[in-house]
Amino acid sequence: MIILPAIDIKDNKCVRLSQGDFNKVKVYSSDSLEMALRWQNKGAEYLHLVDLDGARSEAFVNKKSIGKIIKNINIPIQIGGGIRSEAKVKELLDLGASRVILGTVAVENMELLERLVSTYGNNKIVVSIDAKGGKVATRGWEFISEIDSLDFCKELEKRGIKTVVYTDISKDGMLKGPNHKIYEELKTKTGLQIIASGGISFIEDIIRLKDMDLYGAIIGKAFYDNLLVFEEVKKCLE
Numbered sequence: 004m005i006i007l008p009a010i011d012i013k014d015n016k017c018v019r020l021s022q023g024d025f026n027k028v029k030v031y032s033s034d035s036l037e038m039a040l041r042w043q044n045k046g047a048e049y050l051h052l053v054d055l056d057g058a059r060s061e062a063f064v065n066k067k068s069i070g071k072i073i074k075n076i077n078i079p080i081q082i083g084g085g086i087r088s089e090a091k092v093k094e095l096l097d098l099g100a101s102r103v104i105l106g107t108v109a110v111e112n113m114e115l116l117e118r119l120v121s122t123y124g125n126n127k128i129v130v131s132i133d134a135k136g137g138k139v140a141t142r143g144w145e146f147i148s149e150i151d152s153l154d155f156c157k158e159l160e161k162r163g164i165k166t167v168v169y170t171d172i173s174k175d176g177m178l179k180g181p182n183h184k185i186y187e188e189l190k191t192k193t194g195l196q197i198i199a200s201g202g203i204s205f206i207e208d209i210i211r212l213k214d215m216d217l218y219g220a221i222i223g224k225a226f227y228d229n230l231l232v233f234e235e236v237k238k239c240l241e
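Mapping the sequence shown onto my numbering, position 59 (from 1) lands on 62, and the numbers just tick up by one.
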């Protein structure tokens with residue numbers, strides 16, 4: 004299982020939100036590149052970038068910061084946040100992103116999703132499922148649909164998606180552990196590569212997810228608030 008440190012970017016700064024609430028923003032660094040280099044130097048295999056402004060606006064206000072990170076980092080980077088068009092996918096891949104993460108567009112435009120997978124390959128296109136109460140959320144977590152998240156994952160697999168990032172919104176940023184039950188279900192009922200996200204706070208969480216044989220785990224707030232130490236997490240996966 005790979006660990007992907009998260010860098011959430013808002014106004015070109017590294018921040019974290021609590022449960023996706025844009026009114027609950029904590030700034031961890033005004034230099035997102037410095038933060039990315041920190042994770043690389045600690046031995047991270049992959050970075051997870053989120054363009055928070057992109058999740059709410061079509062404007063690519065964090066392009067400068069994201070471009071600098073991609074240009075100066077030697078490890079692969081996946082990026083999500085407001086990617087709703089083929090032009091944006093191409094722009095990010097041309098910048099050098101290893102994978103792009105689609106959220107809302109995967110729910111609202113399955114035809115476009117299939118075309119992107121066909122054009123760029125399922126190694127480049129990842130879908131993020133953000134759920135609350137088992138229902139898929141869209142538009143920066145501001146809208147909760149009636150779509151069952153497990154059923155949606157099964158449909159994505161049929162459409163050629165290989166990798167998903169699954170976040171339980173109620174767990175995100177709360178430092179109370181992830182929703183292990185849903186990850187067990189996803190692992191047993193689909194053939195997807197699953198990246199766990201949201202609420203991962205303790206070494207025990209990491210070990211349990213590893214024992215499920217998940218593909219990866221995204222960790223943000225627990226690292227930034229020093230509940231988890233990257234070196235210790237890495238060691239427990241050896």
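We put the beta carbon where it would ideally sit given N, CA and C, even for glycine.
- Here Lys224 is buried. Its C-beta has 16 or more other C-beta atoms within 10 Å.
- Per DSSP, reduced to three states, the secondary structure at Lys67 is helical.
- Minimum Cα-Cα distance from Lys190 among the listed residues Ile172, Gly201 and Cys156 corresponds to Cys156.
- Straight-line measurement puts the Cα of Phe226 at about 19 Å from the Cα of Tyr218.
- By the criterion of at least three beta-carbon pairs nearer than 8 Å, the stretch 162 to 173 is in contact with the stretch 120 to 137.
- Secondary structure of Glu241 (DSSP, three-state): coil.
- Under the Cβ criterion (8 Å, minimum of three pairs), the stretch 99 to 106 counts as touching the stretch 82 to 91.
- Inter-residue distance for Arg87 and Glu48 is about 27 Å (C-alpha atoms, whole angstroms).
- Counting C-beta atoms within 10 angstroms of its own C-beta, Leu240 has fewer than 16 neighbours from the protein chains shown and is therefore classed as exposed.
- Beta-bridge partners assigned by DSSP to Cys17: Ile12 and Ser32.
- Out of Ala220, Gln81 and Ile209, the CA that lies nearest to the CA of Glu235 is found in Ile209.
- In terms of Cα proximity to Asn15, the closest of Ile69, Lys29, Lys45 and Ile5 is Ile69.
- At a Cβ-Cβ threshold of 8 Å, Lys138 and Asp154 do not count as neighbours.
- For the set Ile80, Leu36, Val64 and Gly136, the Cα lying nearest the Cα of Leu96 is the one of Ile80.
- Ala109: member of the alpha helix (DSSP H) spanning Thr107 to Glu111, first to last residue.
- Taking each of Lys74, Leu36, Ile164 and Ile197 in turn and checking the Cα distance to Gly124, the smallest one comes out for Ile164.
- Taking Leu55 as reference, the option from Val18, Ser148 and Lys67 with the minimal CA-CA separation is Val18.
- Beta-carbon to beta-carbon, Ala220 and Ile6 are separated by about 6 Å, close enough to satisfy the 8 Å threshold.
- Inter-residue distance for Lys238 and Leu40 is about 20 Å (C-alpha atoms, whole angstroms).
- Residues Val28, Leu55 and Asp56 of the same chain have their beta carbon placed closer than 7 Å to that of Lys13, with the five preceding and five following residues left out of the count.
- Linking Ile128 to Asn229 through their CA atoms gives a straight-line distance of about 31 Å.
- Counting only runs of 3+ residues, the beta strand (DSSP E) found wholly inside the stretch 154 to 238 occupies 166 to 171, 196 to 200 and 219 to 222, in chain order.
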